[in-house]
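S.K.:
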Amino acid sequence: AWVHGDPRKVIYPTDSYGQFCGQKDTLNENKTILFYFNILKCASPVVLINLQCPTTQLCVSKCPDRFATYIDVQASYRYKPDQWNYFRQFCKPGFNNPRKSVAQVLRDEDCPSMIIPSRPFLKRCFPDFSTKNGVLTVANQTTFKDGRGKTRNVTDLREAANGINNVLDARSVGMKIFEDYAISWYWILIGLFIAMIVSLLFLVLLRFTAGVLFWIFIFGVIGIIGYGIWHCYWEYDHLKGIPGSDLTVYDIGFQTDFRVYLQLRQTWLAFMIMLCVVEVVIVLMLIFLRNRIRIAIALLKEGSRAIGYIMSTLFYPIVTFILIAICISYWAVTAVFLATSGEPVYKVMANQILCKYANLTCDPETFNTTNVTKLCPGAQCTFAFYGGESLYHKYIFIFQLANAFVFLWLVNFAIALGQCTLAGAFASYYWASRKPADIPLWPLFSSFGRAIRYHTGSLAFGALILAIVQLIRVILEYLDHKLKGTQNSFTRFLLCCLKCCFWCLEKFLKFINRNAYIMIAIYGKNFCTSAKEAFFLLMRNVVRVAVLDKVTDFLLFLGKILVAGGVGVLAFFFFTQRIPVFAQEAPTLNYYWVPLLTVIIGSYLVAHGFFSVYAMCVDTLFLCFCEDLERNDGSTAKPYFMSASLHRILGKKELSPKKA
Numbered sequence: 001a002w003v004h005g006d007p008r009k010v011i012y013p014t015d016s017y018g019q020f021c022g023q024k025d026t027l028n029e030n031k032t033i034l035f036y037f038n039i040l041k042c043a044s045p046v047v048l049i050n051l052q053c054p055t056t057q058l059c060v061s062k063c064p065d066r067f068a069t070y071i072d073v074q075a076s077y078r079y080k081p082d083q084w085n086y087f088r089q090f091c092k093p094g095f096n097n098p099r100k101s102v103a104q105v106l107r108d109e110d111c112p113s114m115i116i117p118s119r120p121f122l123k124r125c126f127p128d129f130s131t132k133n134g135v136l137t138v139a140n141q142t143t144f145k146d147g148r149g150k151t152r153n154v155t156d157l158r159e160a161a162n163g164i165n166n167v168l169d170a171r172s173v174g175m176k177i178f179e180d181y182a183i184s185w186y187w188i189l190i191g192l193f194i195a196m197i198v199s200l201l202f203l204v205l206l207r208f209t210a211g212v213l214f215w216i217f218i219f220g221v222i223g224i225i226g227y228g229i230w231h232c233y234w235e236y237d238h239l240k241g242i243p244g245s246d247l248t249v250y251d252i253g254f255q256t257d258f259r260v261y262l263q264l265r266q267t268w269l270a271f272m273i274m275l276c277v278v279e280v281v282i283v284l285m286l287i288f289l290r291n292r293i294r295i296a297i298a299l300l301k302e303g304s305r306a307i308g309y310i311m312s313t314l315f316y317p318i319v320t321f322i323l324i325a326i327c328i329s330y331w332a333v334t335a336v337f338l339a340t341s342g343e344p345v346y347k348v349m350a351n352q353i354l355c356k357y358a359n360l361t362c363d364p365e366t367f368n369t370t371n372v373t374k375l376c377p378g379a380q381c382t383f384a385f386y387g388g389e390s391l392y393h394k395y396i397f398i399f400q401l402a403n404a405f406v407f408l409w410l411v412n413f414a415i416a417l418g419q420c421t422l423a424g425a426f427a428s429y430y431w432a433s434r435k436p437a438d439i440p441l442w443p444l445f446s447s448f449g450r451a452i453r454y455h456t457g458s459l460a461f462g463a464l465i466l467a468i469v470q471l472i473r474v475i476l477e478y479l480d481h482k483l484k485g486t487q488n489s490f491t492r493f494l495l496c497c498l499k500c501c502f503w504c505l506e507k508f509l510k511f512i513n514r515n516a517y518i519m520i521a522i523y524g525k526n527f528c529t530s531a532k533e534a535f536f537l538l539m540r541n542v543v544r545v546a547v548l549d550k551v552t553d554f555l556l557f558l559g560k561i562l563v564a565g566g567v568g569v570l571a572f573f574f575f576t577q578r579i580p581v582f583a584q585e586a587p588t589l590n591y592y593w594v595p596l597l598t599v600i601i602g603s604y605l606v607a608h609g610f611f612s613v614y615a616m617c618v619d620t621l622f623l624c625f626c627e628d629l630e631r632n633d634g635s636t637a638k639p640y641f642m643s644a645s646l647h648r649i650l651g652k653k654e655l656s657p658k659k660a
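With the UniProt record's numbering, letter number 486 in the sequence shown gets 486, and the count goes up by one each step, no holes.
(1) Residues in the same chain with beta-carbon distance under 6 Å from residue 38, minus the five sequence neighbours each way, listed in chain order, please.
(2) Quick one: what does DSSP say residue 33 is sitting in, helix, strand or coil?
(3) By the DSSP assignment, the beta strand (DSSP E) with residue 343 in it spans what residues?
(4) Just checking, does the region 591-599 make contact with the region 397-406 on the three C-beta pairs under 8 Å criterion?
(5) Roughly how many whole angstroms lie between the Cα atoms of residue 130 and residue 340?
(6) Does DSSP put residue 494 in a helix, a strand or coil?
(7) Can the beta-carbon of residue 300 be found less than 8 Å from the beta-carbon of residue 214?
(8) Could you tell me which uninterrupted alpha helix (DSSP H) segments, each at least 4 residues in length, are contained entirely in the region 570-658, listed from first to last along the chain?
(9) Taking one C-beta from the region 390-399 and one from the region 407-417 each time, how about it: are there three or more such pairs within less than 8 Å?
(10) DSSP state of residue 386, grouped into three classes?
(11) Give the secondary structure of residue 49 by DSSP, where H, G and I count as helix, E and B as strand, and everything else as coil.
(12) Measuring CB to CB, does residue 429 end up less than 8 Å from residue 310?
(13) Check residue 297 in the structure and name its three-state DSSP category.
(14) Ordered along the chain, which non-local residues of its own chain (more than five positions away) have a Cβ less than 7 Å from that of residue 136?
(15) I'd like to know if the region 419-438 and the region 516-527 are in contact, where contact means that at least 3 CB-CB pairs between them fall below 8 Å.
(16) So if DSSP puts residue 99 in a beta bridge, which residue, or which two residues, is it bridged to?
(17) With a threshold of 16 other CB atoms inside 10 Å of the CB of residue 15, please say whether the residue is buried or exposed.
(18) When the distance is taken between beta carbons, is residue 313 closer than 8 Å to residue 322?
(19) Grab the span of the beta strand (DSSP E) containing residue 132 for me, first residue to last.
(20) Would you tell me roughly how many angstroms separate the C-alpha atoms of residue 32 and residue 26, rounded to the nearest one?
(21) On the DSSP bridge assignment, give the partners of residue 120 in chain order.
(22) Does the pairing of the region 277-284 with the region 578-592 give three or more beta-carbon distances under 8 Å?
(23) Is any beta-carbon of chain B found at less than 8 Å from that of residue 192?
(24) Am I right that residue 502 and residue 465 are in contact with their C-beta atoms under 8 Å? What's the rounded C-beta distance?
(25) Return the first residue and the last residue of the beta strand (DSSP E) that residue 153 is part of.
(26) Would you kindly report the start and end of the unbroken alpha helix (DSSP H) that includes residue 286?
(27) Could you tell me whether the region 265-277 touches the region 233-240, where touching means 3 or more Cβ pairs closer than 8 Å?
(28) Alpha carbon to alpha carbon, what distance is there between residue 555 and residue 548?
(29) Among residues of its own chain, excluding the 5 on either side of residue 586, which ones have a beta-carbon nearer than 7 Å to its beta-carbon?
(30) Would you tell me roughly how many angstroms separate the C-alpha atoms of residue 540 and residue 332, rounded to the nearest one?
(31) Shortest alpha-carbon distance to residue 609 belongs to which of 633, 203, 223 and 479?
(32) Residue 240 by DSSP, collapsed to three states: which one?
(33) DSSP three-state call for residue 445: helix, strand or coil?
(34) Identify which residue in 639, 5 and 242 has its Cα closest to the Cα of residue 628.
(35) What is the C-beta distance between residue 452 and residue 320, in whole angstroms, given that I count them as a contact (C-beta under 8 Å)?
(36) Buried or exposed: where does residue 259 fall if 16 or more other Cβ atoms within 10 Å of its Cβ makes it buried?
Listed below in structure tokens is the structure:
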């Protein structure tokens, strides 16, 4: 990929001569935008973006800002040279012969027959569409001259470029979102910093007040959702009687301005119903699992005590993040080089419809010596796209799959390394006879060294198995996307079943791998042996696994939701200027939900990073506890390694010394 690829093909547009627009140290260095001679020949924006529009394409420094036709400019070039000089910058380089007949100029496409006011989008000149009193216009005009003696309506431009208006709407929304990020990025970072401080504070306090804080988590989430229900009802009741608020989402269709939907009562009713369902489900789960939650809180206290002795583990997710960022960068760069490995392909572009050479490949260096120009006057050999017919180019898709597989393997290995490292550190805490006196010095660093030195192969093998299943899922998603338009019900049913099965298999493998890495960190055995021993150990304690492990995961999930929701509510009041103290500091935004969603999602990811350490700690202590129960009986010869608090809470009857 790095030998054949050229990222410039993605960065710069390419003109009809295969030259990049805006590339430094070339004639097009100051010409960064691609201009289409006759945009009416382009069927759709997709054709424009793929550079396959059947018209001459040139690099220009700026898009035209006025209406003009070659006929009018040529007729007046003697006494209006400024108009000719302006129009000439959109002609082929070096062309300066206004005396050449109009028919020959248009046949040879030396100049465009017309220019229309345009704006750059995706580094290409698109018509500057706008609406005035509900009428589509270009530069406040509804008609224009096409340069061939006809007056045409502006709607012909939109019809010729099918869907151009949707693309421009998307451009408008994209620009507004970009502006919002440019204005509010500073406050977004502050929100994420608050989320980090809150997450770290919670984890530190869990050592002393695990029970109280987790009940605060639970009731805090219930309270936040309850506030959401009340706010939705208030908005729903407030819109009552307002004209247009009783319309349905189906009535107004898709709108690029999402604030339109917030003016409908149906929108707030749907939000309220969804929040009510979530609230009821959480309350019912808390009622039926209240005793199990108390047991899980006791295990969390033990986990918080372990983290308190090994505080460095809280910052290990930063290492995993850096490793995954390196993997993503490697995959993205290689994918770009692979995607740009094609060679420029040139095709014959003929004005005559009956030209038999039209759309055939050609060589621009020898094209003028062939008979094509004689049989098809005005035909040109222009750049079409990047591709190739060699063996390498035929297998680029396979190379992309291989690159994706390497990416999945490396990411899973980075995650496995983090899990094994944390498991080794927390296992050294559990198996210490006297805590904390017998905990090794620098347990996290020592565990990381053991994982790198002794367990790399085991971790890579576990990551390989998971990567294979994930690649199969990617291929199934690709096939499903390709076969979406087919009417074969059996094929769709089979694909749906396969996707479901492999999704379940991936979840199962992640669970097995996680516990296998814990056993590897404890005993140092290979992956297969560790996976087998972990699986059967969990099956012998399946009730404890179902209750303690999953309830703990649920409580930690509630903690993530509370952090994200709390910071999200604070961000909502701030960005909507509802906090009087900071009303003047809040930026004026097009869409307040842009920084709001960014803060909420970012806060959840930040909380997930800290809480994942806690989850790994609990899983490791739980597996060590189960192993402790089977290896020891509490006698003097085989004492338990668990702490006194775990000894009291988890299975008192089973913990009594076995009788001889």
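Ideal Cβ placement from N, Cα and C applies to all residues, glycine included. Remember, predicted model here, so these are calculated numbers, not experimental data.
M.R.: According to the structure data:
(1) Position 38 of the sequence shown, counted from the first residue, corresponds to residue 38. Apart from the 5 residues on each side of it in sequence, residue 38 sits with its Cβ closer than 6 Å to the Cβ of 55 in its chain, given in chain order.
(2) For this step, residue 33 is matched to residue 33 along the sequence shown. In the structure shown, residue 33 sits in a strand (DSSP, three-state: E or B).
(3) Residue numbering aside, residue 343 sits at position 343 when the sequence shown is read from its first letter. Counting along the chain, the beta strand (DSSP E) containing residue 343 begins and ends at 343-349.
(4) Touching, no.
(5) For the purposes of this step, residue 130 is identified with residue 130 of the sequence shown, where counting begins at 1. For the purposes of this step, residue 340 is identified with residue 340 of the sequence shown, where counting begins at 1. Rounded to the nearest whole angstrom, the C-alpha separation of residue 130 and residue 340 is 35 Å.
(6) The residue labelled residue 494 in the question sits at position 494 within the sequence shown. Residue state, collapsed to three classes: helix.
(7) Counted from its first residue, the sequence shown places residue 300 at position 300. Counted from its first residue, the sequence shown places residue 214 at position 214. At the C-beta level, residue 300 and residue 214 come within 8 Å of one another.
(8) Counting only runs of 4 or more residues that sit fully inside the region 570-658, the alpha helix (DSSP H) segments are 593-631, 644-649 and 652-655, in chain order.
(9) Fewer than three Cβ pairs drawn from the region 390-399 and the region 407-417 lie within less than 8 Å of each other, which leaves the two stretches out of contact.
(10) As a working mapping, residue 386 is identified with position 386 in the sequence shown. Strand, per DSSP.
(11) Taking the sequence shown and counting its residues from 1, the one referred to as residue 49 is at position 49. Low confidence applies here, because residue 49 scores a pLDDT of 43, under 50, leaving its location unreliable and the question unanswered by this model.
(12) By 1-based counting over the sequence shown, the position of residue 429 is 429. By 1-based counting over the sequence shown, the position of residue 310 is 310. Yes, they are a contact pair.
(13) Position 297 of the sequence shown, counted from the start, is the residue given in the question as residue 297. It is helical.
(14) One-based indexing of the sequence shown puts residue 136 at position 136. Counting only Cβ-Cβ distances below 7 Å, and skipping sequence neighbours, we find 129, 154, 155 and 158.
(15) The region 419-438 vs the region 516-527: in contact.
(16) Position 99 of the sequence shown, counted from the start, is the residue given in the question as residue 99. Note: residue 99 sits in no beta bridge, so no partner.
(17) Here residue 15 refers to the residue found at position 15 of the sequence shown. Answer is buried; the Cβ neighbour count reaches 16.
(18) Within the sequence shown, residue 322 is the residue found at index 322, counting from 1. Within the sequence shown, residue 313 is the residue found at index 313, counting from 1. Cβ atoms of residue 322 and residue 313: not closer than 8 Å.
(19) As a first step, residue 132 is located in the sequence shown; it is residue number 132 there, counting from the start. If you look at residue 132, you'll find it in the beta strand (DSSP E) that goes 129-132.
(20) As a first step, residue 32 must be located in the sequence shown, where it is residue number 32. As a first step, residue 26 must be located in the sequence shown, where it is residue number 26. In a straight line, the C-alpha of residue 32 is about 11 Å away from that of residue 26.
(21) Numbered from 1 along the sequence shown, position 120 holds the residue referred to as residue 120. Within the DSSP bridge table, the entry for residue 120 names 125 as partners.
(22) By the C-beta criterion, the region 277-284 is judged not to be in contact with the region 578-592, since fewer than 3 inter-stretch pairs fall below 8 Å.
(23) The structure shown has no chain B; it contains just one protein chain.
(24) Counting from 1 along the sequence shown, the entry for residue 502 is found at position 502. Counting from 1 along the sequence shown, the entry for residue 465 is found at position 465. Not confirmed; about 13 Å, so no contact.
(25) Taking the first residue of the sequence shown as 1, we reach residue 153 at position 153. For residue 153, the uninterrupted beta strand (DSSP E) run begins and ends at 151-153, by DSSP.
(26) Along the sequence shown, one-based indexing puts residue 286 at 286. First-last of the alpha helix (DSSP H) with residue 286: 265-288.
(27) Of all C-beta pairs linking the region 265-277 to the region 233-240, three or more are shorter than 8 Å, placing the two stretches in contact.
(28) As a working mapping, residue 548 is identified with position 548 in the sequence shown. As a working mapping, residue 555 is identified with position 555 in the sequence shown. Cα-Cα distance, rounded: 10 Å.
(29) Residue mapping note: residue 586 aligns to position 586 of the sequence shown, counting from 1. Once the five neighbours on either side are set aside, the close Cβ partners of residue 586 are 574, 575 and 577.
(30) Looking up residue 540 in the sequence shown gives position 540. Looking up residue 332 in the sequence shown gives position 332. Each residue's alpha carbon lies about 44 Å from the other.
(31) Here the question's residue 609 lines up with position 609 in the sequence shown. The shortest CA-to-CA distance from residue 609 to any of 633, 203, 223 and 479 is the one to 203.
(32) Locating residue 240 in the sequence shown gives position 240, counting from the first residue. Looking at residue 240 - three-state DSSP - the assignment turns out to be coil, as it is neither helix nor strand.
(33) Counting from 1 along the sequence shown, the entry for residue 445 is found at position 445. It is helical.
(34) Start at 1 with the first residue of the sequence shown, and residue 628 comes out as number 628. Ranking 639, 5 and 242 by Cα distance to residue 628 puts 639 first.
(35) Position 452 of the sequence shown holds residue 452. Position 320 of the sequence shown holds residue 320. Rounded, the Cβ-Cβ distance is 14 Å, inconsistent with contact.
(36) Stepping through the sequence shown from its first residue, residue 259 is reached at position 259. Around the C-beta of residue 259, fewer than 16 other C-beta atoms lie within 10 Å, and the residue is accordingly described as exposed.
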